[in-house]
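Residue numbers (my numbering): 2 to 430.
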Ligand SMILES: Cc1cc2nc3c(=O)[nH]c(=O)nc-3n(C[C@H](O)[C@H](O)[C@H](O)COP(=O)(O)OP(=O)(O)OC[C@H]3O[C@@H](n4cnc5c(N)ncnc54)[C@H](O)[C@@H]3O)c2cc1C
């Protein structure tokens, strides 16, 4: 994964229009600010927005363009909770913090809605999301999950669907049950990310694009160095995710970039689209290497799935994704795939997000593990609170323990190959 890789021709890029602020300059010379934010995904844009709203001088530097990373490429599914299970969180941080983390994820859903409303972000938001069961084991897991959500977490917007009820949301014989959540949903992630960046600018944040941060210095007045300029600041927030690499090696060791892929079909006729996904819900299956899909605003099927641990795009990506898609909807045999693209998930060993500090005034947000659309904006808000002196909520996340991926740069990928093999085998059971 290289920051020099071209911007993929995705459905999102095609449909988002000309980027707001497409005349943004790179950083040149010295620039003084209170807070430097590195990375223009949702996390960085949200941090910049929330700090600017609080009256801080903020400068955000993005190596390419706003939304270049996962935020502008994702499946667009806005879902409660974290990538890891609540039981795993309880084991790691105890019942009270696990509860706080869950509640914060739900606050993230509300925050997303309020950001869209407040800043008039036109990003095709639609409510409803269904986790679907592929096999009997998943049905038992969904039933236990619904009980846990309702009883332990008082999260009551979920309902269990049997096979017949599920047909009101997804017309596929592949699925045997589902868990509907009416508070989760889906949106156009690139429009959303750009909308946040424009909102940050409207509150006074300065955004520099095409500016790769190469290194930084610490101390009471840290500096963030790009190729042709320097930000002199009081606080730094790293939101570079899987791309940050050698700029901050201590935190880079905690995450691994895993490739994942999406295809967009040609637009479907309205009646045909409605038959496949009658409630316009987003769908994700219960496998570890999952299929996830939804309709775009112009009724394309956006279908995501598979992973690649080799950091190389699989050959014949569109064809292989199409065959997965046809396992779900065989009737789409005559429908063309028009776009195929990939992006990198920043997974942690435990799949819990990794927030923290490299020094008192140097923060980071990373490790969303494929479940970051909601938590990134929330993370941006919490890190803004921390910079402003109220770190209690940010620190609920920093208390989650994290381990480096074993084996250093050479052994990390082989370790992941083994892990993927394990999960692929598990998905077969
Ligand atoms: C294909 C795909 C599908 C996904 N689907 C979903 C989904 O349906 N639902 C969900 O919740 N999550 C999903 N995710 C995960 C979600 O997209 C991410 O968790 C989230 O977008 C991460 O946002 P971020 O701001 O942390 O990082 P990113 O969006 O990756 O942004 C990081 C930015 O930092 C910049 N950067 C890095 N290093 C530097 C540097 N040295 N100097 C300057 N800039 C730098 C990069 O250019 C990049 O723009 C998906 C991810 C992918 C790849």
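From the three backbone atoms N, C-alpha and C, an ideal C-beta is built for every residue, glycine too.
Practice problem: Ignore the nearest five residues each way along the sequence and tell me which others in residue 372's own chain have a CB closer than 7 Å to its CB. | Solution: 80, 83, 84
Quiz item: Going along the chain, which residues of its own chain have a beta-carbon closer than 7 Å to the beta-carbon of residue 142, five neighbours each way excluded?
Solution: 287
Quiz item: Residue ranges of each beta strand (DSSP E) run of no fewer than 3 residues wholly in the segment 5–36, ordered along the chain?
Solution: 30–33
Quiz item: What are the residues that DSSP puts in a beta bridge with residue 187?
Solution: 78, 127
Practice problem: Tell me where the beta strand (DSSP E) around residue 263 begins and ends. | Solution: 256–266
Practice problem: With hydrogens ignored, establish whether the beta-carbon of residue 96 is closer than 7 Å to any heavy atom of ligand 1. | Solution: no
Self-check item: Completely contained beta strand (DSSP E) runs for the segment 340–376, where each covers 3 or more residues
Solution: 355–360, 363–367
Practice problem: Could you check if residue 152 is buried or exposed, using at least 16 other CB atoms within 10 Å of its CB as the buried criterion? | Solution: exposed
Self-check item: Spatially closest choice to residue 222 from 19, 26, 33, 132, by CA coordinates
Solution: 33
Quiz item: Leaving out the 5 sequence neighbours to the left and right, which residues in its chain are closer than 6 Å to residue 295 when beta-carbon positions are compared?
Solution: 187, 283, 303
Quiz item: Looking at the structure shown, is residue 212 part of a helix, part of a strand, or coil, going by DSSP?
Solution: coil
Quiz item: Is residue 319 closer than 8 Å to residue 259 when the C-beta atoms are compared?
Solution: no
Quiz item: Is it true that the segment 187–205 meets the segment 110–119, where meeting means three or more beta-carbon pairs spaced less than 8 Å apart?
Solution: yes
Quiz item: Do you know offhand how far residue 313's Cα is from residue 252's?
Solution: Below a pLDDT of 50, predicted positions are generally treated as unreliable, and residue 313, at 48, falls in that range; the measurement from the model is reported next regardless. Looking at the two C-alpha atoms, the distance is approximately 23 Å.
Quiz prompt | Cβ-based neighbour list, residue 100, same chain, cut-off 6 Å, excluding 5 preceding and 5 following | solution = none
Quiz prompt | Distance CB(residue 340)-CB(residue 72) smaller than 8 Å | solution = no
Quiz item: Considering residue 174, what are the terminal residues of the alpha helix (DSSP H) in which it resides?
Solution: Looking at the DSSP string, residue 174 is not in any alpha helix (DSSP H), and its letter there is neither H nor E.
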